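Residue numbers (our numbering): 1 to 78.
Reviewing the structure listed below.
Written out as structure tokens, the structure reads:
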């Protein structure tokens, strides 16, 4: 642990870059958490776990409707 604190004390002029690196890593983690669930409906349709939707759904701001809308869009894409 002493080695860590010695090293930490010597990064004085790199503090901005270290902070930028930490911030970038946090953004990558957040975007990964968001992007993976966004492609799940595509894979469900692609591997035939869900029926293909042929009728469009009216778009509303609710989780169920957004999921159905995405499923319809992916169905049209396939």
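Cβ atoms here follow ideal geometry from the backbone N, Cα and C, with glycine treated the same way.
Given the structure is predicted, the values throughout are model-derived calculations rather than measurements.
For the region 24–37 and the region 56–64, state whether three or more C-beta atom pairs, one from each stretch, are separated by less than 8 Å.
-> Taking 8 Å as the limit for Cβ pairs, the verdict is that the region 56–64 does not touch the region 24–37.
Leaving out the 5 sequence neighbours to the left and right, which residues in its chain are closer than 8 Å to residue 18 when beta-carbon positions are compared?
-> Around residue 18: 11.
Assigned exposure category for residue 71 - 16 Cβ within 10 Å defines buried | So residue 71 ends up on the buried side.
What span of residues does the alpha helix (DSSP H) with residue 10 cover, start to end?
-> For residue 10, there is no enclosing alpha helix (DSSP H), since its DSSP letter is neither H nor E.
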